[in-house]
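Residue numbers (the working numbering): 378 to 454.
Note that the Cβ used here is the ideal one computed from N, Cα and C, for glycine as well.
Everything numeric in this text was worked out from a predicted model, so none of it was measured.
Shown next, in structure tokens, is the structure this report addresses.
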């Protein structure tokens, strides 16, 4: 999922998340449980998708994952 951090490779990360959502029970179920429309989910997880943070977190929580943030470089001190 690190590819979500790279705009040039974001499509691969979204495709991976789509596979997870499909394995979870299908995009319709994930959309319903995440509180978003199927159309929004399909659009968010398309190769050129650009989901909002709210949508991404809802999808991740639904499939039992979470978003983590870490420093890109070590913090001095």
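Taking 8 Å as the cut-off, the beta carbon of residue 415 is found no closer than this to the beta carbon of residue 421. In the three-state reduction of the DSSP assignment, residue 425 falls in the coil class, being assigned neither a helical nor a strand state. CA-CA distance, residue 389 to residue 412, rounds to 24 Å. Here DSSP, grouped into helix, strand and coil, assigns residue 406 to helix. Secondary structure note for residue 397: its alpha helix (DSSP H) is the uninterrupted segment 387-401. For residue 449, the three-state secondary structure derived from DSSP is coil. Excluding sequence positions up to five before and after residue 410, its CB lies within less than 7 Å of the CB of 439, all in the same chain and listed in chain order.
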